[in-house]
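**Student:** Handing you a structure now.
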Amino acid sequence: MSKEKIFSKAWWKQYRWQTILINLGIFFAFFVTCLLIDLLTKHYLFRWNDEKTDGDLVVTYRGFIFGVRSLLHRGSTLELNLGIPALHAITIIIVLGAILTSILIRDKMYRWIIPGLALIAAGSLGNMIDRAAFGGVRDIVFIPWADRGTFNFADVDIIFGVIYIVISIIVMVIVASVRDKKRAAQEEIDDEYSESVAIKSKSEEQNNNNSDIVVDPTRKE
Numbered sequence: 003m004s005k006e007k008i009f010s011k012a013w014w015k016q017y018r019w020q021t022i023l024i025n026l027g028i029f030f031a032f033f034v035t036c037l038l039i040d041l042l043t044k045h046y047l048f049r050w051n052d053e054k055t056d057g058d059l060v061v062t063y064r065g066f067i068f069g070v071r072s073l074l075h076r077g078s079t080l081e082l083n084l085g086i087p088a089l090h091a092i093t094i095i096i097v098l099g100a101i102l103t104s105i106l107i108r109d110k111m112y113r114w115i116i117p118g119l120a121l122i123a124a125g126s127l128g129n130m131i132d133r134a135a136f137g138g139v140r141d142i143v144f145i146p147w148a149d150r151g152t153f154n155f156a157d158v159d160i161i162f163g164v165i166y167i168v169i170s171i172i173v174m175v176i177v178a179s180v181r182d183k184k185r186a187a188q189e190e191i192d193d194e195y196s197e198s199v200a201i202k203s204k205s206e207e208q209n210n211n212n213s214d215i216v217v218d219p220t221r222k223e
């Protein structure tokens, strides 16, 4: 069975607008939710210093799992050492790329990666909004038992989005491989059955032809 090429005419013929709506519905449900969580937690938890130039760095909550303090981070999550315009451009590409990828996903199985795309897009846009408004990113969370810096929910979205997509792709590859092996085995069984039926049918036809031959009893050899 030949597989159609992606973006070919046959590929587009089987693509339906309902698929686009479902994919976008999944994407924006996660995207809007994660973006709101990021912006609202920054709004209510971040505390400026008296000069309004940075966070006050005061620990307002310290638990075993996480703590809260305010720091204005003027870099990026991955420390790319790029200017704000370049970071904005990268963010726009990430968001548009995530939306486009979600639209082009046709197989139901691959919809599992859409939430991961939404998390990455929401985290990137959340930090972009901060850079545009404040010249840096409002970081509010740290880990008391492994204090390596301060971060926010947008950073968590990006990191978990990437991890989620990688795991999802690995799982989907394994599932697809198992499914293809089962399909190949079933096709082999079907081919063997069809071949046996054809041989049996041919044998019965030959027997019928032999039984139709009339022998003249008076004929001498």
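For what it's worth, the working numbering labels the leading residue of the sequence shown as 3, then goes sequentially. Glycine included, C-beta positions come from ideal geometry on N, C-alpha and C. It should be emphasised that the depicted structure is a prediction, and the values quoted were computed from it without experimental measurement.
#1: I need the straight-line Cα distance from Ile167 to Thr55, nearest angstrom please.
#2: With respect to the alpha helix (DSSP H) encompassing Val34, which residues constitute its N-terminal and C-terminal limits?
#3: Using C-beta distances below 7 Å, list every residue in its chain close to Asp141, excluding the 5 sequence neighbours before and after it, in chain order.
#4: Can you tell me the Cα-Cα spacing of Ala200 and Ile122, whole angstroms?
#5: By DSSP, does Ile145 sit in helix, in strand, or in coil?
#6: Could you pull out every residue in the same chain whose Cβ sits closer than 8 Å to the Cβ of Arg133, ignoring the five residues on either side in sequence?
#7: Within the same chain, show all residues whose beta-carbon is closer than 7 Å to that of Leu233, passing over the 5 residues directly before and after it, in chain order.
#8: Using the three-state DSSP reduction, which class does Val97 fall into: helix, strand or coil?
#9: Pull up the distance between the alpha-carbon of Asp58 and that of Ile39, whole angstroms please.
#10: In its own chain, which residues sit with a C-beta less than 7 Å from the C-beta of Phe162, not counting the 5 before and 5 after it?
#11: Tell me where the beta strand (DSSP E) around Gly69 begins and ends.
#12: Are Ile160 and Gly125 close, meaning C-beta to C-beta below 8 Å?
#13: To the nearest angstrom, report how far apart Arg108 and Asp149 are at their CA atoms.
#14: So, Val61 versus Arg71, is the Cβ gap smaller than 8 Å?
#15: With DSSP as the reference, label Gly128 as helix, strand or coil.
#16: Rank Arg181, Leu47, Leu84, Ile101 by C-alpha distance to the C-alpha of Ala31 and give the top, closest one.
#17: Taking only the alpha-carbon atoms, compute the straight-line gap between Thr93 and Pro146 and give it to the nearest angstrom.
#18: Please look up how many angstroms separate the CB atoms of Arg113 and Ile191, rounded, as I've assumed it's under 8 Å.
#19: Got a sec? Which residues, its chain only, sit under 7 Å from Ala135 by beta carbon, not counting five neighbours each side?
#20: Please state whether DSSP places Arg140 in a helix, a strand or coil.
**Tutor:** Quick answer:
#1: 36 Å
#2: 19-47
#3: Leu73, His75, Thr152, Phe153, Asn154
#4: 56 Å
#5: coil
#6: Ile86, Leu89, His90, Val139
#7: Not covered by the structure: residue 233. The range shown for the chain is 3 to 223.
#8: helix
#9: 22 Å
#10: Leu121
#11: 69-75
#12: yes
#13: 43 Å
#14: yes
#15: helix
#16: Ile101
#17: 30 Å
#18: Wrong, their Cβ atoms sit about 31 Å apart, outside the cutoff.
#19: none
#20: strand
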